[in-house]
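Notes follow once the structure below has been shown.
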Amino acid sequence: MIIYQPAAFHSNQDGLSHLAVELINGLVPTGKLLSSRVEADSAHLMLQTTSTLIAFEVYSREVGEEIFETILKLRAFLEAKRKEQNDPTLKDTSIYLLGTDFSHEFLKQVPSRLIGIRLFDWYFIRSGTQEAVMVRELKTEGDCSKRAIDSIQKDPTRNRLQTYSFYQELSTQEFIALSRLGMELRNRRPHEKQIA
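Quick look at the structure:
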């Protein structure tokens, strides 16, 4: 899944909070915001859909190995919060983790130990007068079933990242260049219609 939408990002906390809300609207449009907390380089939001309690973590930096323990604690907190709600329709928990990049050490740990986490790369793109955020989901090969986790542990070469889209063969730089081209073409279209 790739989300590409106009956005403005400022390095202050209000800008990161605003960006996190825009990303939620794109990734979880049916989510109802329950709580939020913003730090210098991260935003932590909790939301709920009809059947899932979601932690939405946005980092304006690379997500490193030090975040892994935080994610484990967050997972336990979400499960406790879900049980505390005592709502029979609330059946699952999930973590959406967005970062400008993910360290190799972090990625090595996630597939074999953590189920129910979705990783997203996000990039801030500028082109002329346009600003946008590009988000693409990352995943490991295979699914997150017990059998898949066992096979990943036996064969660590399967622990590779892919995107969900047909753009997976493009490098990040190529994809950003293609996105900038799309923004420029979108800007020219209304101007060309006025001339014709």
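So the mapping is simple: the numbering used here equals the position in the sequence shown, first residue as 1, plus 1223.
Don't be surprised by glycine CBs; every beta carbon is placed ideally from N, CA and C.
Contact annotation: Glu1280 and Leu1242 have beta-carbon atoms that are not nearer than 8 Å.
With contacts defined by Cβ atoms closer than 8 Å, Thr1275 and Ser1317 form a contacting pair.
Between Leu1246 and Leu1256, the beta carbon gap of about 12 Å keeps them out of contact (Cβ cut-off 8 Å). Cβ atoms of Ser1258 and Ser1240 stay farther apart than 8 Å, at about 12 Å.
By DSSP's assignment, Asp1315 forms a beta bridge with Thr1275.
Cβ atoms of Tyr1319 and Leu1250 come within 8 Å of each other, at about 6 Å. Per DSSP, the beta bridge partners of His1267 are Arg1260, Glu1280. By the 16-neighbour rule on beta-carbons within 10 angstroms, Gln1308 is exposed. Between Arg1341 and Glu1328, the C-beta gap is not smaller than 8 Å, which leaves the two residues out of contact. Straight across, the Cα-Cα distance linking Arg1305 with Ile1348 is about 37 Å.
When Arg1411, Ala1355, Arg1409 are compared, the shortest CA-CA separation from Ile1399 is found for Ala1355.
Residue environment for Asp1264: exposed (fewer than 16 other C-beta atoms within 10 angstroms of its C-beta).
Judged by beta-carbon spacing, Ser1402 lies within the 8 Å limit of Met1357, meaning their Cβ atoms are closer than that value. Counting the other Cβ atoms within 10 Å of the Cβ of Gln1271 gives 16 or more, which makes it buried.
Note on geometry: alpha-carbon atoms of Asp1310 and Gln1396 lie some 45 Å from one another.
Here Glu1285 is near Phe1325, since their CB atoms are less than 8 Å apart. Thr1293: member of the alpha helix (DSSP H) spanning 1289–1308, first to last residue. Cβ atoms of Leu1297 and Ala1278 come within 8 Å of each other, at about 5 Å.
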